[in-house]
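Asker:
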Amino acid sequence: MIRLENLRKQYPKEPKPAVDDLTLEIPEGEIVILVGPSGCGKTTTMKMINRIIEPTSGRIIVDDKDVTNEDPDQLRRRIGYVIQQIGLFPHMTIAENIATVPKLLGWDAKRIDARIDELLETVSMAPETYRNRYPKQLSGGQRQRVGVARALSGDPAVMLMDEPFGAIDPITRDR
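Mapping of the sequence shown onto numbering that gives the first Met the number 0: residues 0 to 174, in sequence order.
1) Identify, in the order they occur along the chain, each residue of the same chain with its Cβ nearer than 8 Å to the Cβ of L151, setting aside the five sequence neighbours on each side.
2) In terms of residues, what are the limits of the beta strand (DSSP E) holding G57?
3) Excluding the five sequence neighbours on either side, which residues of its own chain have a C-beta within less than 6 Å of the C-beta of R58, listed in chain order?
4) The beta strand (DSSP E) with G79 in it runs from where to where?
5) Would you say the segment 87 to 101 touches the segment 135 to 151, given that touching needs at least three Cβ pairs under 8 Å?
6) By alpha-carbon positions, which one of E24, I48, P16 ends up nearest to G38?
7) Could you check where the alpha helix (DSSP H) with E95 kicks off and where it finishes?
8) CA-CA distance, R110 and V18?
9) Does any residue of chain C have a CB that is nearer than 8 Å to the CB of Y129?
10) For the alpha helix (DSSP H) containing T42, list its first residue and its last residue.
11) Skipping 5 residues on each side, what residues in its chain have a beta carbon closer than 6 Å to that of T42?
12) What are the start and end residues of the beta strand (DSSP E) that includes D19?
13) For T44, count neighbouring C-beta atoms within 10 Å of its own C-beta (all shown protein chains included) and say buried if the count is 16 or more, exposed if not.
14) From M0 to P155, what does the alpha carbon distance come to, in whole angstroms?
15) Mark Y129 as exposed unless 16 or more other C-beta atoms lie within 10 angstroms of its C-beta, in which case mark it buried.
16) Along the alpha helix (DSSP H) that carries K109, what are the first and last residues, could you check?
17) Checking the sheet assignment: what are the DSSP bridge partners for V157?
18) Excluding sequence positions up to five away, which residues of its chain have a Cβ less than 6 Å from the Cβ of R75?
19) Straight-line CA distance for R144 to L21?
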């Protein structure tokens, strides 16, 4: 469950807040889509939930815990996040990119390897073909799918997706 209470983000020197007094409750298991014009605060809201951006005021509750005072790195290990720009590490293979969060969570190598293969298959990318490639060797749509796989890698209870399928072709998106 995610609850936002009077969440506000005011950037310095901006006349209007990016997010102003947002109160929202998302029950466990629900899928919620934030819709609105460019610049209305959708991405800012998601970045505040996982503390990439700190709110000016208000509270963020995840699983009945106020995370506004929690270590942001610990919080992010529990929240999957797919960003618009994909954000893969260019110096790491696809397998290493997907393994990032499970390694931080202390998973053993066998479990991590199995999870990499499972997720590559989930996003319709053959593990034997893509595991050892680098992001620059993939199309934009393939990189986007690896970004989704990486966000799912640690079995997060919360998944934030910021235009996750923008670079994926319609046929793949429908799968």
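Backbone N, C-alpha and C fix where the C-beta goes; we use that ideal spot for every residue, glycine too.
Answerer: Working from what's here:
1) Non-local C-beta neighbours of L151 in its own chain, meaning closer than 8 Å and more than five positions away in sequence, comprise G79, L118, T121, M158, ordered along the chain.
2) Note, G57: beta strand (DSSP E), 56 to 61.
3) E4, D65, T67, listed in sequence order.
4) In this chain, the beta strand (DSSP E) harbouring G79 covers 78 to 81.
5) The segment 87 to 101 makes contact with the segment 135 to 151, as at least three CB pairs between them are under 8 Å.
6) Nearest Cα to G38 within the set E24, I48, P16: P16.
7) Where E95 is concerned, the enclosing alpha helix (DSSP H) starts and stops at 93 to 103.
8) Looking at the two C-alpha atoms, the distance is approximately 40 Å.
9) The displayed structure is made up of one protein chain only, and chain C is not part of it.
10) Segment 41 to 48, the alpha helix (DSSP H) holding T42.
11) Short of 6 Å from the beta carbon of T42, and not among the five residues preceding or following it, lie these beta carbons of its own chain, in chain order: D161.
12) Segment 18 to 25, the beta strand (DSSP E) holding D19.
13) Looking at its Cβ environment, which holds 16 or more other Cβ atoms inside 10 Å, T44 is buried.
14) Each residue's alpha carbon lies about 12 Å from the other.
15) Only buried fits Y129, as 16 or more other CB atoms lie within 10 angstroms of its CB.
16) Where K109 is concerned, the enclosing alpha helix (DSSP H) stretches over 108 to 121.
17) Its beta-bridge partners are I78.
18) Cβ within range, chain order: N49.
19) Rounded to whole angstroms, R144 to L21 spans 31 Å at the Cα level.
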